[in-house]
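Enquirer: I'd like to ask you about the structure that follows.
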Amino acid sequence: MLRIVATICIFALLHPSAHAADEGPCFSEGGSAQISVCLDRELQGADKLLRDKQARLIEHIQTMEVPPLVPEGQFRLKYINAIRTADRQWRALVATECVSIAPIEFEGAGAGSMGRVLELNCRVSRTYMRIKEIGDGDGYRHIWSQ
Numbered sequence: 720m721l722r723i724v725a726t727i728c729i730f731a732l733l734h735p736s737a738h739a740a741d742e743g744p745c746f747s748e749g750g751s752a753q754i755s756v757c758l759d760r761e762l763q764g765a766d767k768l769l770r771d772k773q774a775r776l777i778e779h780i781q782t783m784e785v786p787p788l789v790p791e792g793q794f795r796l797k798y799i800n801a802i803r804t805a806d807r808q809w810r811a812l813v814a815t816e817c818v819s820i821a822p823i824e825f826e827g828a829g830a831g832s833m834g835r836v837l838e839l840n841c842r843v844s845r846t847y848m849r850i851k852e853i854g855d856g857d858g859y860r861h862i863w864s865q
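Those letters in the sequence shown? Residues 720 to 865, per my numbering, in order.
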């Protein structure tokens, strides 16, 4: 049990939102039920930021210059479909990692409310990483620069 608590504290310290000036970390007080409620709220906020970032990316694609000899609608539609497919696949990957794999690593912590804490913390962390990737990752930088 001590290993689980120590690991959760490390997750909290490494988590990007744990250092935000206007938010305290979800792990500062309360039991696993209160932590879960806090992390769920944080996940909802992070997911909204991610969806907003994707919407801005799609808006940007709508204004991109189309290369010569490429049908305009086809060019933009391919990008937009690829982004939406990547999002669906990313969400499936996160579900697998955070629901199935993360709790196993903590010797049975997947049972009960601590498993939910691990799952939510994993999802929040992965969502913030995804927002950063869409903003300045190698796979997206060329789109933003056009």
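Glycine is no exception: its CB is placed at the ideal position from the N, C-alpha and C atoms. Only a predicted model underlies this, so the values are computations on that prediction, with no experimental measurement involved.
Run through the stretch 768 to 853 for me and flag every whole alpha helix (DSSP H) of 4 or more residues, listed as ranges in chain order.
Expert: Qualifying alpha helix (DSSP H) stretches, in chain order: 791 to 814.
Enquirer: May I ask you to report which of helix, strand or coil DSSP gives Gln865?
Expert: Looking at Gln865 - three-state DSSP - the assignment turns out to be coil, as it is neither helix nor strand.
Enquirer: For a quick check, are the C-beta atoms of Leu758 and Leu839 less than 7 Å apart?
Expert: A contact, by the Cβ cut-off of 7 Å.
Enquirer: Apply the 10 Å Cβ neighbour rule to Ile754 and answer buried if 16 or more other Cβ atoms are within range, or exposed otherwise.
Expert: The residue in question, Ile754, is buried, as its Cβ has 16 or more Cβ neighbours within 10 Å.
Enquirer: Just the Cα atoms here: how many angstroms apart are Gly854 and Gly834?
Expert: The alpha-carbon atoms of Gly854 and Gly834 are separated by roughly 30 Å.
Enquirer: Checking 7 Å against the spacing of the C-beta atoms, do Leu769 and Thr846 come in under that value?
Expert: Closer than 7 Å, so yes.
Enquirer: Going by C-alpha to C-alpha distance, which of Arg842, Gln865 and Arg860 sits closest to Ala765?
Expert: Nearest of Arg842, Gln865 and Arg860 to Ala765, Cα basis: Arg842.
Enquirer: Indicate the three-state DSSP secondary structure (helix, strand or coil) for Gly858 in the structure shown.
Expert: Helix at Gly858.
Enquirer: Below 8 Å on the Cβ atoms is my guess for Ile680 versus Ile862; work out the distance and round it to an integer in Å.
Expert: Nothing in the structure corresponds to residue 680, since the chain is present only between 720 and 865.
Enquirer: Can you name, in chain order, every residue of its own chain whose Cβ lies under 6 Å from the Cβ of Cys745, other than the five neighbours on each side?
Expert: Result list for Cys745: Ile754, Cys757 and Leu758, in chain order.
Enquirer: Can you give me the C-alpha to C-alpha distance between Phe794 and Ile823, rounded to a whole angstrom?
Expert: Distance between the alpha carbons of Phe794 and Ile823: 43 Å.
Enquirer: Hey, how far is the Cα of Leu796 from the Cα of Gly858?
Expert: The straight-line gap from Cα to Cα measures roughly 17 Å.
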